[in-house]
Amino acid sequence: MKPRIVIFSGAGLSAESGIPTFRDSGGLWENFRIEDVASPEGWRRNPKLVLDFYAERFRKYKACQPNAAHYAIASLEQKYEVINITQNIDSLLEQAGCQTVWHLHGRADMQKCEWHYDIFADGDPRFRCDFKSPITKPIQLGDRCPKCGGQLRPDVVWFGEAVDMRHDYLEELIATAEVFIGIGTSAQVYPAAGLLTLFADTPKKFFIDPNPATSLLYGFTVYQGSAAAEMPKLARLLLGSADK
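Each residue of the sequence shown is one higher than the last, beginning at 293 in the numbering used here.
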């Protein structure tokens, strides 16, 4: 059985592929308020604005390619079982060849019914539909769920919606991981900060970021730099140690 690596990634992983981070000036978010285009309230007020915003994101993501960090992560599968937990809604890890990717915040290339049960799994009884599917073009106002007739929306987690942390699966990963890597995330807000704590007892821990919060990284080997520059170095180190 291959040793297991768990990799937690944020927006910095895909930045060098041309996908702007939330805080980047000139990015997709610059001319929009979060509550207007990425919240349940915004969806209720103006679904067309939300769909137009995500249509632009879909086109932007579709034009991007994996960078050296994505390919380095995929290369680890030669010697390791690699579990990716990512906050990113792009599919660049999959495009690079990664087999197991858990998208905490959903995917921009998927759609779901506006009444999907994962939006309010334990709440409003209207949320009972289970329809999700891949998309090849942006969602339009009037695109309807084939199961219940609800408006289709992006399969992403908006501000104010719950992230499914899959606690049983997470506990298994914590108990069995031999290596944990944090990459492209500030690690200062939930769930990143919580994951660093949960994996505190993992035998080998690494963190890659241009501006790492070193006070939060006790016991981590820190690579200070961009994901595309530093992840290939770490991958070579781990692949070399797997041969010993």
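For each residue, glycine too, the CB sits at the ideal point set by N, CA and C. Fair warning: this is a prediction, and the values are worked out from it, not measured in the lab.
Cβ-based neighbour list, L384, same chain, cut-off 7 Å, excluding 5 preceding and 5 following
S306, S309, C356, P358, H362
CB contact flag (A303, N380, <8 Å)
yes
Quick one: what's E373 bridged to in DSSP?
As computed with DSSP, E373 is found in a beta bridge with R296.
Taking the CB atoms as reference points, tell me whether Y372 and A534 lie closer together than 8 Å.
yes
Could you spell out the range, first to last residue, of the alpha helix (DSSP H) harbouring A454?
Run containing A454: none; DSSP gives neither H nor E here.
Close beta carbons around A527, own chain, < 6 Å, minus the five adjacent residues each side:
For A527, same chain residues with a beta-carbon under 6 Å away, outside a window of 5 residues either side, are A364, S367, L368 in chain order.
Does the Cβ-Cβ distance between F451 and I311 come in under 8 Å?
no
Tell me which residue opens and which closes the alpha helix (DSSP H) that H397 is part of.
That residue, H397, is in no alpha helix (DSSP H); it is neither H nor E in DSSP.
Nearest to K496 by CA position, among S425, Q370, F512, D447, is which residue?
F512
Alpha helix (DSSP H) segment containing L444, residue limits:
Annotation for L444: no alpha helix (DSSP H) segment contains it, though the beta strand (DSSP E) segment containing it runs 444-448.
Leaving out five residues on either side along the sequence, give the residues of the same chain with a beta carbon under 8 Å from the beta carbon of K525.
Y515
Contact set for W394: own chain, Cβ-Cβ below 6 Å, skip 5 residues either direction
I377
Inter-residue Cα distance where the pair is L529 and I475:
16 Å
DSSP state of Y363 mapped onto helix, strand, coil
In the structure shown, Y363 sits in a helix (DSSP, three-state: H, G or I).
Does the beta-carbon of V471 have 16 or more other beta-carbons within 10 angstroms, so that it is buried, or is it exposed?
Burial check for V471: the Cβ neighbour count within 10 Å reaches 16 or more, so the residue is buried.
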